[in-house]
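*Asks:*
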Amino acid sequence: MAYWLFKSEPSVWGWPDQVAKGDAGEEWDGVRNYQARNFMRDMKLGDRGFFYHSQKEKAVVGIVEVCAEAHQDSTTKDDRWDCVDIKAVRPLTTPVTLDDIKADEALSNMVLVKNSRLSVQPVTDAEWMRICAMGDTDPN
DNA sequence: GCCAACGTTGGC
DNA sequence: GCCAACGTTGGC
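As numbered in the UniProt record's numbering, residues 1 to 140 make up the first sequence, in order.
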């Protein structure tokens, strides 16, 4: 199983919105970046991801699961753009902030740090375990 | 609110 | 196919 990170502006689509969708989940639509799209095409049913709040909050706040593999983004007719569906699994007991991540040596190579503008990104197994530990949260 | 970084577009 | 111009993102 692979791990990912989904970035969202909480004022547009936040963790509470994601939770409100329950197990039905919701399309991760609106991505118009090839790198991010390609990562979504690589995602498999059951893959897990972090839900990250950008802008003011800048923190990993929850864990999500891919509940539908890549398909046409329903918000556009342009067939270049695919997206997956994700559903909320659980919040992090303690949100892990960007500052926390930057301060941690083991996380210094995270895409979040290296390429802050990429909205969908891969997370390594080690990074996943580390952030779950920092967030006092069950990684499974 | 600013600006640096980056990705995309379009003219040549 | 290159590259300048432009738009967007997101941290500060």
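Ideal Cβ placement from N, Cα and C applies to all residues, glycine included.
What are the start and end residues of the alpha helix (DSSP H) that includes A103?
*Replies:* Where A103 is concerned, the enclosing alpha helix (DSSP H) stretches over 98 to 103.
*Asks:* Hey, quick one: how far does the beta strand (DSSP E) through Q72 stretch, first residue to last?
*Replies:* Taken as a continuous stretch (DSSP letters only), the beta strand (DSSP E) holding Q72 covers 59 to 72.
*Asks:* Unbroken beta strand (DSSP E) runs of length 3 or more, entirely within the segment 1 to 52: which are they?
*Replies:* Counting only runs of 3 or more, we get 3 to 8.
*Asks:* Closer than 6 Å by C-beta to G25: which residues in its own chain qualify, once you throw out the five before and the five after it? Chain order, please.
*Replies:* Hits under 6 Å: C67, D85, I86, K87.
*Asks:* Using the beta-carbon count (16 or more within 10 Å), is M134 buried or exposed?
*Replies:* It counts as buried.
*Asks:* Rounded to whole angstroms, how far is the Cβ of D29 from the Cβ of T75, which I believe are closer than 8 Å?
*Replies:* With 8 Å as the limit, D29 and T75 qualify as a contact, their Cβ atoms being about 5 Å apart.
*Asks:* Got a sec, what are the start and stop residues for the beta strand (DSSP E) P122 sits in?
*Replies:* Element bounds for P122: 120 to 123.
*Asks:* In whole angstroms, what separates the C-alpha of T93 from that of D73?
*Replies:* Each residue's Cα considered, the two are about 32 Å apart.
*Asks:* I need the DSSP call for K77, collapsed to helix, strand or coil.
*Replies:* Coil.
*Asks:* Counting C-beta neighbours from all protein chains within 10 Å, is the total for E9 16 or more, i.e. buried, or is it exposed?
*Replies:* The residue in question, E9, is exposed, as its Cβ has fewer than 16 Cβ neighbours within 10 Å.
*Asks:* Can you tell me the Cα-Cα spacing of E65 and E105, whole angstroms?
*Replies:* Their backbone Cα atoms lie some 27 Å apart in a straight line.
*Asks:* Considering only the alpha carbon of each residue, which of S119, Q55, R32 lies closest to D79?
*Replies:* Here the closest residue by C-alpha is R32.
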